[in-house]
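See below for the structure under consideration.
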Amino acid sequence: MLRLGLRIACKFVALGLMAVLWLVEPFWRLRFTHLWCARFGPLAYSTHLWVAKRRLEGPERRTTRLFFGAQPANCQLFAMWKRVLPIVESRALSAFYHYCGTTLSSRRFFAPIPDEFDNHRAIHVQPVLSFNAEDEARGAGLLAEMGMSPADWWICFQARDPLYHETRGFGDSGAHRNCRVENYLAAAAWVTARGGWALRMGAAVERPLPANGDPHVIDYAARHRSDFGDIYLLGKCRFLLACGTGTESVPPLFGIPVAKANMMPLRPTPVGANGLYIPKLIREGEGGPVLSFSRCQALGGYSYTDPAALKLWQYPGNLERQGLHLQENGEDDILDLCRDMFDRLDGIAPDPEAARLQAHYKARFFSHVPDMALMPDIGGRFALKYRHLIEG
């Protein structure tokens, strides 16, 4: 009853507020934008979209825009957004917006930032954030705590598991993006053999990394994790080797590439044209044949707009009810992806046949996507290994 009363009161206040805004509108446009703070990925991705679009299109004419939000999933990232945007941190404003519902969110004055999960052009605008002197000093302290020095280089890696959503009280609709961190360890060992460090990321993890005797593989998520460390390490690494998780949207804020294994759904989230990915494979029945990518296309796997296809591919139970089973990328495929990214960073061109298959895959399955050339590429070694699925 109390919540109902609050909703009614807030909506009456909102109607009065909008009447004032309509009166002012012919002279100056006032806009109030709620930031989606509760989840790490949207706090990074959606806000990146907004900042990038302003760089591409210029400032809004005759408009003052104020952003607001509260209780961010990552306080360091929220603080860094405050350096580039006028943001008010207010639980009261956020609660007011929530209780008003569509009375506000459906109006031009309070419309949220659109998701636009196919806007590769905007996310290709990098970097949009940077570290200041205070951040660098804190970062040096964090590196020292982990036994590293500012001269060291590292990659970050992460495998998605359900614990984060359980501890935050969210329902997890993305279990099909979960994967085993053990399959990333061969790549981590390969990095340390090259003289680097491999840092396991994650805000909450089900279990620590198995001991392997390599002091350069650090379980940051289990032993050193902080809001600041998440952003600093992801913003300074060579690249992120991850999966389908909100973390993937942080490195592009700083111009850092992403190599994404175990991607599912098959539509890559924009991370910039410097990114790479390999998808999970899909079998017909447990132990059955692997579906070709053309078969996945026929099932709507590459659609950004078809509601039925989006529903099928966005929720794991729907795939299973169709008799389709997901197969994680093995450690060899993830190692190959890691090697592909190092080749790209070192300026080493992929095998010519791999490059042809990468271009063919993109043109065949993503010709409908705006700015297709700015999408990340499928891994070259993966394309060679599974060319029968790409060309079949």
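Residue numbers (our numbering): 42 to 433.
Yeah, the Cβ is synthetic: ideal placement off N, Cα and C, and Gly gets one too.
Predicted, not measured: the structure shown is a model, and the values here were computed from it.
S171 sits exposed, since fewer than 16 C-beta atoms from the chains shown fall within 10 Å of its C-beta. Along the length of the region 301-375, whole alpha helix (DSSP H) runs at least 4 residues long occupy 334-339, 348-355, 357-362, reported in chain order.
Closest in alpha carbon position to P251, among R235, C278, L360, E223, is E223.
The beta carbons of Y427 and H217 sit no closer together than 9 angstroms. Here R72 is bridged, per DSSP, to R106. Beta-bridge partners of W238 (DSSP): W195.
Around L62, the same chain offers L71, F150 as residues with beta carbons nearer than 7 angstroms, after the five sequence neighbours per side are excluded. Taking 9 angstroms as the cut-off, the Cβ atoms of H165 and P311 count as close. Pairing G342 with L378 gives a Cβ-Cβ distance that is not under 9 angstroms.
Using a Cβ distance threshold of 9 angstroms, I154 and L76 count as a contacting pair. If you check the CB distance, L353 and Q338 do not come in under 9 angstroms. A check of alpha carbon separations from C220 across C78, F119, E247 identifies E247 as the nearest. Nearest Cα to S131 within the set D412, F108, A114, T143: F108. When the Cα atoms are used, I259 and M189 turn out to be separated by approximately 10 angstroms. Leaving aside the five residues that flank F81 on each side, the residues in its chain whose CB is nearer than 6 angstroms to its CB run, in chain order, A114, N115, G287. A contact between stretches requires three or more CB pairs, one per stretch, nearer than 8 angstroms, and the region 312-323 meets this requirement with the region 281-298. Bridge partners of A283 according to DSSP: K301. The beta-carbon distance between I319 and F423, rounded to whole angstroms, is 4 angstroms. This is short enough to meet the 8 angstroms contact definition. Cβ contact annotation for H161 (same chain, cutoff 6 angstroms, sequence separation greater than five): P311, D412, L415, M416, in chain order. Distance between G270 and F383, taken at the CA atoms: about 24 angstroms. Distance from the CA atom of N359 to the CA atom of R324, rounded to whole angstroms, is 14 angstroms. Between A55 and T144, the gap from beta carbon to beta carbon is short of 9 angstroms.
When the five nearest sequence neighbours on each side are left out, the beta carbons in the same chain lying within less than 7 angstroms of the beta carbon of L398 are those of A424, L425, R428, I431, in order along the chain.
E130 is bridged by DSSP to G110. Taking the Cα of C197 as reference, the smallest distance to any Cα among V232, A185, L183, P191 is reached at V232. Minimum Cα-Cα distance from D373 among the listed residues L307, L365, A302 corresponds to A302. Inclusion of L281 and Q167 in the CB contact set at 9 angstroms is not warranted, their separation being larger than that value. Contact annotation: C78 and A111 have beta-carbon atoms nearer than 9 angstroms.
Between G180 and K277 the beta-carbon gap is near 7 angstroms, inside 8 angstroms, which marks them as a contact. The Cβ-Cβ distance between L367 and K403 does not fall below 9 angstroms. Under the three-state reduction of DSSP, I164 is assigned to helix. In this structure, R266 lies near G243, with their beta-carbon atoms less than 9 angstroms apart. Where Y402 is concerned, the enclosing alpha helix (DSSP H) starts and stops at 393-407. Taken atom to atom, the span from the alpha-carbon of R95 to that of L126 is near 11 angstroms. Distances from the alpha-carbon of R385 to those of G99, E361, L317 put L317 closest.
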